[in-house]
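*Asks:* Pasting in a structure now, in structure tokens, and then I'll have a few things to ask.
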Amino acid sequence: MFAAIYVPDFALQCVLRRDPELRDRLLAIVDGNLPARVRQMTPVARDHGVTVGMTTTQALGRSPTLLFRTAGLLDAESACLLQCAETFSPWLEATGEGVVTIEWRGDAENRSSVEAVAESIVRQLAALAFTARIGLAATPALALLAAHCASPVRIVERAVDFLSPLPLETLSADAAMCSDEVQAAREEAFRLLHRWGLHTLGEFAALPREQVVARLGGEAAELWDRAAGRAGRPLRLVRAPEIFAEAMELEHEVETLEPLLFILRRFLEQLAARLTAAYRVAATLELRLGFAAGAPHAHEFRIPAPTCDVEVLFRIVETHLETIRAEAPIIAVELRARPTRAEHKQFGLFESGLRDPNKFFETLARLQALLGNDRIGTPVAEDTYRPDAFHLETPSFEEISATVVGETPSGPPLQRYRPPLPANVQAHAGRPIRVFSEKAFGEISACRGPWIGSGEWWGERPWQREEWDVQIGGEIYRLAQQGGAWFIDGAYD
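Take the sequence shown: its position 137, counted from the start at 1, is 144 in the numbering used here, and no numbers get skipped.
Okay, here's the thing in structure tokens:
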């Protein structure tokens, strides 16, 4: 059994999905040709006499307040249909604009089960702001005809009973997927059939197929097969895109943050609904902003704890946008989510994770905006012998192996003073004999050293120092001399 998912007036629904406030307005969708002609319109515009095929001038004659929009690219919405359909069957075909056909290999004999699945698809698409119809039948062509007649679900069990009363023009249900030449040939065939007194598919299918082909040509064979319910074909299988995206080309330029955040929140709500329907969560978000002038802005957000929580995702995006200063107004917005499976970690008895990784990440982003990227991060030791040399890296949320590499150093541990404590040191014959400092004061009773260290003499930050281990009273300290000054680096436990 095949199921055809049909979204009527797909271009119009896409525009209304992006801008729901236009739903009750006088609105017409026009093509990109010159002169522009009306493709689809809202019910309010239809009630005012606007029809398909009118030029914009003719349509304005029906209603001077009529608004015009172009659908633009429909890739994101088409991908949305495919991703929704893929949650019900892996065998799917992008049949045409607003039409996806899937092969249903479940219990096709159980009508109630099939109808329940179809209704769940309709509900899922309704949550994504699409009004859909679904037809189920033995062939893809018959399923598409059933979808056009559905309200909202139509299951065809006996093809002859379903097809016989339908008008001939029903065979043009796939007109948007045919070339202009094919559609013109069909219309000529329909006119000729009407002249013969044939008006329904049942009357047409009652004619001998060979005689129809002989009088109307080879194109009529395909029409007759569909009218008789015998047109079968394999699906042209496709895969749904792995990236979930929402995009919009703005009719009016955006110059402030508030309207942009309003659009992005709606995008996130739609993405969250799509991810939830696919049993996925967002691992990363990618934001792209197009400007009226200059290069576009792109930024990828890594979600520490992948989620579909709209509030969490919105805070991450909002925090970043608060740091952006654009030289030109925004004319296009795109938000893409890379999905992953939700993970549930089982920690060991003495292990724990961050209570709220996303909140922690958001706090880091705010600190970076306040202090700068180079002043926030996790300290990482540099590959050098320079004491306490490190750089900051963005915290990693990947699972880190607990395997210890190398051997544990032997000897007493050194408790470092950070920063090192300045000290006055008296020396004799090149060896320290007395120390005067905040932590240590007195005569040195034992001394070991010096240990000479140096490095990076080839770069911009050369260094050289002497280190001594000294005993003062009952404590052992590490002294260091660098650049002519003495310091106490720390004390041994």
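All C-beta atoms in this analysis are idealised placements derived from N, C-alpha and C, irrespective of residue type, glycine included.
Using the C-alpha atoms, what's the distance from Ile250 back to Ser408?
*Replies:* The predicted model places Ser408 with a pLDDT of 49, which falls under 50 and marks its position as unreliable, so this point remains unresolved.
*Asks:* Is the distance from the Cβ of Tyr13 to the Cβ of Leu230 below 9 Å?
*Replies:* The answer is no: Cβ separation not under 9 Å.
*Asks:* Is Cys21 near Leu67, with beta carbons less than 9 Å apart?
*Replies:* no
*Asks:* Using the C-alpha atoms, what's the distance from Gly384 back to Gln90?
*Replies:* Near 38 Å, if we compare the C-alpha coordinates of Gly384 and Gln90.
*Asks:* Pick from Glu176, Ile338, Pro439, Val219: whose alpha carbon is nearest that of His206?
*Replies:* Glu176
*Asks:* Hey, how far is the Cα of Arg246 from the Cα of Ala254?
*Replies:* 20 Å
*Asks:* Assuming Leu34 and Arg69 form a contact by the criterion Cβ under 8 Å, report the distance between their Cβ atoms to the nearest whole angstrom.
*Replies:* Approximately 13 Å separates the beta-carbon atoms of Leu34 and Arg69; this is outside 8 Å, ruling out the contact.
*Asks:* With a threshold of 7 Å on Cβ separation, who are the neighbours of Gln424 within its own chain once the five nearest residues in sequence on each side are excluded?
*Replies:* Sequence inspection shows Tyr at residue 424; the Gln mentioned does not correspond to that position. Closer than 7 Å at the Cβ level, and outside the excluded window around Tyr424, lie Ile495, Asp496, Gly497.
*Asks:* Going straight from the alpha carbon of Ala434 to that of Trp465, what length do you get?
*Replies:* Roughly 31 Å between the two C-alpha positions.
*Asks:* Determine, using beta carbons only, whether Ala10 and Ile36 come nearer to each other than 9 Å.
*Replies:* no
*Asks:* Is the CB of Met61 under 9 Å away from at least one CB in chain D?
*Replies:* This model lacks chain D altogether, as it is built from one protein chain only.
*Asks:* For Gln47, write down the residues that DSSP places opposite it in a beta bridge.
*Replies:* Ile36
*Asks:* Please go through the same chain and pick out, in chain order, the residues whose beta-carbon is closer than 8 Å to the beta-carbon of Asp381, but skip the five residues on each side of it.
*Replies:* Leu399
*Asks:* Beta-carbon separation of Thr62 and Val51 under 9 Å?
*Replies:* no
*Asks:* Thinking just about the alpha-carbon of each residue, which of Gly491, Ala191, Ala139 is nearest to the one in Pro159?
*Replies:* Residue Ala139 holds the alpha-carbon nearest to the alpha-carbon of Pro159 among Gly491, Ala191, Ala139.
*Asks:* Count the other CB atoms, across all protein chains shown, that sit within 10 Å of the CB of Asp181; report buried if there are 16 or more and exposed otherwise.
*Replies:* Its Cβ being crowded by 16 or more others within 10 Å, Asp181 is buried.
*Asks:* Within this structure, are the beta carbons of Ala487 and Trp475 separated by less than 9 Å?
*Replies:* yes
*Asks:* Count the other CB atoms within 10 Å of the CB of Ser85; is the residue buried (16 or more) or exposed (fewer)?
*Replies:* By the neighbour-count rule (16 or more Cβ atoms within 10 Å), Ser85 is buried.
*Asks:* How far does the alpha helix (DSSP H) with Ser120 in it reach, from first residue to last?
*Replies:* 118-134
*Asks:* Express the C-alpha separation of Thr370 and Arg468 in angstroms, rounding to a whole number.
*Replies:* 33 Å
*Asks:* Please report how far the alpha carbon of Leu320 lies from the alpha carbon of Pro386, in whole angstroms.
*Replies:* 27 Å
*Asks:* Return yes when the Cβ of Ala453 is within less than 9 Å of the Cβ of Val442, no when it is not.
*Replies:* no
*Asks:* Given Leu264, which residues of its chain have a CB within under 7 Å of its CB, disregarding the five upstream and five downstream residues?
*Replies:* Leu328
*Asks:* Rounding to the nearest angstrom, what Cα-Cα distance links Leu173 and Gly239 in this structure?
*Replies:* For Leu173 and Gly239, the distance between alpha carbons rounds to 19 Å.
*Asks:* Given this structure, state the Cα-to-Cα distance separating Leu481 from Tyr499, to the nearest angstrom.
*Replies:* Looking at the sequence itself, residue 481 is Gly, so the reference to Leu does not match. So the alpha carbons of these two residues sit roughly 11 Å apart.
*Asks:* Per DSSP, which one or two residues make a beta bridge with Met61?
*Replies:* Its beta-bridge partners do not exist; DSSP assigns none.
*Asks:* When you compare each of Thr58, Ala299, Ile440 to His259 by their alpha carbons, which one comes out closest?
*Replies:* Ala299
*Asks:* In whole angstroms, give me the CA-to-CA distance for Leu74 and Ile331.
*Replies:* 33 Å
*Asks:* Let me make sure I understand the geometry here. Which of Leu23, Ala125, Asp168 has the alpha-carbon closest to that of Ala154?
*Replies:* Ala125
*Asks:* Leaving out five residues before and five after Gly209 in sequence, what residues of the same chain have Cβ atoms less than 7 Å from its Cβ?
*Replies:* Leu170, Ser171, Pro172
*Asks:* Where are the alpha helix (DSSP H) runs, 4 residues long or more, that stay fully inside the segment 186-263, in chain order?
*Replies:* 187-202, 208-212, 216-223, 226-234
*Asks:* Starting from Arg287, follow the beta strand (DSSP E) in both directions and report where the run begins and ends.
*Replies:* No beta strand (DSSP E) holds Arg287; DSSP gives it neither H nor E.
*Asks:* Three-state secondary structure (DSSP) at Ile270?
*Replies:* helix
*Asks:* By the DSSP assignment, the alpha helix (DSSP H) with Cys21 in it spans what residues?
*Replies:* 17-25
*Asks:* Looking at the structure shown, is Ser85 part of a helix, part of a strand, or coil, going by DSSP?
*Replies:* helix
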